[in-house]
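The sequence shown maps to residues -22 to -1, 1 to 120 in mature numbering (1 follows the signal peptide of the UniProt record, and there is no 0).
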Amino acid sequence: MLFRIIVFSIGCLFNFNTQAYAVTEATPEKAPEYSRELLNLVLNVVKNCYKGPTKTDGIQLVKCVADVFNQDVPNPLHYKLRITGDCPGESDLIIYNPAGDMITCYLEFGQSMQVNRCISYKVPPLSNGQEMSILPPKVLIK
């Protein structure tokens, strides 16, 4: 519960490194492929960070994920991450960008990290200076 409160209050908002590499720059035609690659990368980083002492310390898990993305990941489409929930327990991972591309994943942290489901959807794009309100879609069936 403490993890949920801390994560919610901080917002767990990460700005990816905005270094642009020719290989990873995404054009509008390549955006869906970039999103899939980014999702796989994010899930692998979270899974790798969820080891050792971070298994019971959600704050350390969040710091590990933030360190990787703030230092090592090119992000030409300006995606951001938000992680809310319990560690160990159920958490939501939301990946979004100002263009309105969103991916919500429902994760479970136990002996290992498991992905229950990921949903990709589009919301209206943001204007300059506007922040996205994060409300994941309601899931009726688990």
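For every residue, glycine included, the Cβ atom is placed at its ideal position computed from N, Cα and C.
On a predicted model such as this, the values are computed, not experimentally measured, just so you know.
- Rounded to whole angstroms, the separation of the alpha carbons of residue 90 and residue 81 is 21 Å.
- If you look at residue 42, you'll find it isn't in any beta strand (DSSP E); it sits in the alpha helix (DSSP H) that goes 36 to 50.
- Here residue 29 carries a coil assignment [DSSP, helix/strand/coil].
- DSSP lists no bridge partner for residue 89.
- For residue 57, there is no enclosing beta strand (DSSP E), as DSSP marks it with neither H nor E.
- Between residue 94 and residue 59, the alpha-carbon positions lie close to 18 Å from each other.
- With a threshold of 16 other beta carbon atoms within 10 Å, residue 36 meets it and is buried.
- With 16 or more neighbouring CB atoms inside 10 Å of its own CB, residue 57 falls in the buried class.
- Put simply, of 106, 48, 88 the residue whose alpha carbon is nearest the alpha carbon of residue 67 is 88.
- Assigned with DSSP and collapsed to three states, residue 69 falls in strand.
- In the three-state DSSP reduction, residue 105 falls in the coil class, being neither helix nor strand.
- Residue pairing by DSSP places residue 64 in no beta bridge whatsoever.
- In this structure residue 16 is in contact with residue 73, their Cβ atoms being roughly 7 Å apart against a cut-off of 8 Å.
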